[in-house]
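Report on the following structure.
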Amino acid sequence: MNKYPPKKLIKDIDSTDVQNFKVSFNSSTNVLSEGDEGYEKSIIRWADNAIKKAGIVVQATCLDDIVKTVKFASKNHLDFAVSCGGHSSSGTSSSEGGVVLDMRNLNKVRVDVEKKLIYAQGGALFGDVDNEAWKYGLATVGGVVDHTGIGGLTLGGGFGHLTGRHGLTIDNVVGATIVTADGEVKELSESKNKDLFWAIRGCGANFGVVYEFIYKAHEQKEVFAGVVVYPAEKLDTIIEAINIWLKNRRSENEGMAFVISRSPPENKPTIALLLFSNDPSEQVFRERYSVIYNCGEPIMEQVGCMPYPKLNTLANGFASFGDRKAMFNAHITHLDLSDIREAYNSYIKFTDENPTTSQSYLAFDLYGTEKFCSVPTDSTAFYPRKPFYNVVIVQRWLNEKDDKIVYDWAKKIQNIISNDEEKSLYVNFVDMSDDIGYNENRIKSTWGDNLEKLKELKGKYDPNVFFRKGAIIWP
């Protein structure tokens with residue numbers, strides 16, 4: 001890694017060159033530095049620990065703005081980040097003193113109803129995609145939190161409520177327009193720049209800035225879904241019930257996530273279940289989840305028939321902006337009651353002893369696996385095409401001084417929960433912040449047998465490793 005050019009900051013660059021760069025944009029594009037109106041708002045991120053003082057923020061309004069910014073930053077070996085939804089807790093979308101390309105103004109979404117295609121600019125949120133597609137009774141696989149940016153989630157793979165029926169988000173990407181490290185604009189598909197098209201479907205932020213994604217759209221009706229909450233004393237009963245449901249479910253049309261958390265204001269431990277039935281009927285919903293309701297009377301139930309876009313707002317309460325955050329990931333092949341009980345006991349003990357971490361939680365995403373497993377492992381960069389469920393250890397705390405103890409606890413939970421023999425990881429939860437550090441084994445756990453091909457392509461398209469955020473591929 002030492003052979004690659006070290007990253008520079010704006011302060012390291014000749015001030016005349018910087019000024020010439022700033023004035024080269026048209027009046028509709030804001031180029032902000034500290035002290036400018038709008039600068040502080042532009043560096044806000046989902047996690048407070050991901051907020052960094054960028055040297056320059058370019059709020060792009062067209063493809064040429066992306067090209068110009070990439071060329072300038074690449075030529076000068078500047079630290080570079082792309083921001084859309086700003087959800088990366090490790091700071092992938094931020095730069096301390098470098099260049100941030102803010103994509104949020106490039107958020108247009110259009111639908112080709114006849115061809116059932118969704119064209120979404122790279123700065124759009126999944127809520128933008130959901131709402132525009134829904135006007136035509138269509139949907140695609142996207143994030144379960146609607147203020148998630150489409151760029152980061154898609155490039156990593158993308159799981160959602162429709163994964164059981166339509167696979168991963170990347171399995172629904174049929175094309176893209178990307179700006180590579182040399183500032184070149186490339187159209188990608190199965191027939192154009194096929195190697196890069198293979199790479200961006202699961203590579204993370206390693207190969208370029210996506211100006212536009214093209215997604216397959218699917219006919220979608222209203223759904224019956226909602227949140228049901230039980231007291232934590234029901235944990236064992238609920239896990240047993242979920243295991244029965246997993247054994248009997250129709251994976252295309254049912255999905256569930258459950259969260260071990262503390263419910264404010266008393267911060268009492270609870271088990272919250274987000275239940276999804278891809279059918280508008282309440283009767284069908286209650287039949288599919290009867291085994292859950294047999295656990296007893298919930299302390300809270302908010303379920304109903306709703307438009308598909310509303311489904312992707314139900315988890316927003318767990319994903320609000322603010323506080324310090326980190327997300328660790330574990331893969332499980334089944335729900336092991338003893339492991340979950342051990343993780344629960346650790347969670348209660350840790351949050352009791354560290355009250356400012358009480359809004360941390362453990363999320364288990366139980367989406368259907370058959371569809372995404374049917375795609376060959378080598379057909380995209382995304383590697384773990386096997387039956388597994390994502391567990392997300394979401395750490396939320398207040399004080400920087402507590403960073404290490406929070407990380408150490410989360411690693412402990414990660415080891416307790418994981419029962420996947422390969423110890424594979426999902427790139428969107430691979431944290432490569434300075435606090436966590438680079439780890440070659442974790443990179444291999446992310447891309448497996450696809451890593452060598454990705455290294456070759458990185459050497460071809462980004463030999464100086466200009467794109468150096470998130471889970472980094474080194475040639």
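Going by full-length UniProt numbering, 6 is the number at position 6 of the sequence shown; the sequence numbering is gapless. Positions of the beta carbon are idealized from the N, C-alpha and C atoms, including for glycine.
Which two residues bound the contiguous alpha helix (DSSP H) that contains C373?
Its alpha helix (DSSP H) spans residues 370–373.
Taking Cβ positions, are A225 and V145 nearer each other than 8 Å?
Taking 8 Å as the Cβ cut-off, A225 and V145 do not qualify as a contacting pair.
List the residues that DSSP assigns as beta-bridge partners of D112.
Per DSSP, L117.
Once DSSP output is grouped into helix, strand and coil, what is the label at W474?
Three-state result, W474: coil.
With H, G and I counted as helix, E and B as strand and the rest as coil, what does DSSP make of S445?
Three-state result, S445: helix.
Just to confirm the assignment, what range does the alpha helix (DSSP H) spanning D64 have?
Per DSSP, D64 belongs to the alpha helix (DSSP H) from 63–75.
Would you mind sorting M256 into buried or exposed? The rule is 16 or more other CB atoms within 10 Å of its CB.
Looking at its Cβ environment, which holds 16 or more other Cβ atoms inside 10 Å, M256 is buried.
Can you list the alpha helix (DSSP H) stretches of 4 or more residues lying completely in the segment 87–161, in chain order?
Within the segment 87–161, the complete alpha helix (DSSP H) runs of at least 4 residues are 126–134, 150–156.
Would you kindly work out how many angstroms separate the C-alpha atoms of H147 and W46, rounded to a whole number?
Approximately 10 Å, taken between the alpha carbons.
Which term fits V70, buried or exposed, when burial requires 16 or more other beta carbons within 10 angstroms of its beta carbon?
Counting Cβ neighbours within 10 Å, V70 comes out buried, since at least 16 surround it.
Which same chain residues end up closer than 7 Å to Y4 when comparing Cβ atoms and leaving out the 5 residues on each side of it in sequence?
N464, V465, listed in sequence order.
For R324, which beta-bridge partners are listed by DSSP?
W397, per the DSSP bridge assignment.
Apply the 10 Å Cβ neighbour rule to R288 and answer buried if 16 or more other Cβ atoms are within range, or exposed otherwise.
Buried, by the Cβ-count rule.
Closer than 7 Å: is that where the CB of Q19 sits relative to any heavy atom of the ligand ZN?
With respect to the ligand ZN, the structure shown offers nothing to examine, as it has no ligands at all.
Here's a check: name, in chain order, each residue in its chain whose Cβ is nearer than 7 Å to the Cβ of T333, leaving out the five neighbours to either side.
Closer than 7 Å at Cβ, skipping near neighbours: P387, F388, N419, D420.
In the DSSP assignment, what are the bridge partners of H218?
The partner list for H218 (beta bridge, DSSP) reads A139.
Skipping 5 residues on each side, what residues in its chain have a beta carbon closer than 6 Å to that of S338?
Nothing meets the Cβ criterion.
Flag this pair as touching only if the segment 250–269 and the segment 344–351 have three or more C-beta atom pairs under 8 Å; answer yes or no.
Contact holds: three or more Cβ-Cβ distances are below 8 Å.
Shortest alpha-carbon distance to S290 belongs to which of S320, P309, R249, T313?
S290 has its Cα closest to that of R249, out of S320, P309, R249, T313.
Return the CA-CA distance between E219 and N278, expressed in angstroms with no decimal places.
Approximately 12 Å, taken between the alpha carbons.
Report the three-state DSSP secondary structure of D420 (helix, strand or coil).
Correct three-state label for D420: coil.
For A343, which of helix, strand or coil comes out of DSSP?
Helix.
Which whole-angstrom value is the C-beta distance of L78 and V99, which I expect to be below 8 Å?
Yes, they are in contact, since the Cβ atoms of L78 and V99 sit about 5 Å apart, within 8 Å.
Using 8 Å for Cβ pairs, my map puts residue 476 next to V179. What's the rounded Cβ distance?
The requested residue 476 is not part of the displayed model; the chain covers only 1 to 475.
Using alpha carbons as the reference points, say which of K469, D171, L454, C295 lies closest to T154.
Here the closest residue by C-alpha is D171.
State the DSSP-derived secondary structure class of Y308, mapped to helix, strand or coil.
Looking at Y308 - three-state DSSP - the assignment turns out to be helix.
Do P309 and E222 come within 8 Å of each other at the CB atom, strictly closer than that value?
In this structure, P309 does not lie closer than 8 Å to E222 by Cβ.
Taking 6 Å as the limit between beta carbons, can you name the residues of its chain near L366, skipping five residues before and five after?
The residues are M256, Y389.
Evaluate contact between the segment 57–65 and the segment 101–110, counting only Cβ atoms and requiring at least three cross-stretch pairs below 8 Å.
Taking 8 Å as the limit for Cβ pairs, the verdict is that the segment 101–110 does touch the segment 57–65.
Less than 8 Å separating the beta-carbons of T356 and L398?
Closer than 8 Å, so yes.
Answer with buried or exposed for P298, where buried requires no fewer than 16 other C-beta atoms within 10 angstroms of its C-beta.
Per the 10 Å Cβ criterion, buried.
With H, G and I counted as helix, E and B as strand and the rest as coil, what does DSSP make of Q59?
Here Q59 sits in strand by DSSP.
Have a look at S89 and Y119 and give me their C-alpha separation to the nearest angstrom.
Answer to the nearest angstrom: the Cα atoms are 27 Å apart.
Hey, how far is the Cα of K455 from the Cα of A471?
Straight-line Cα distance between these residues: approximately 13 Å.
Can you tell which of I473, N428, E452, T237 has the C-alpha that lies nearest to the C-alpha of G156?
If we check each option's Cα against that of G156, N428 comes out closest.
Report the residue ranges of all beta strand (DSSP E) runs contained in full by the segment 218–277; include only those spanning at least 3 residues, in chain order.
Counting whole runs of 3 or more residues, the segment 218–277 contains the beta strand (DSSP E) stretches 223–231, 254–263, 268–277.
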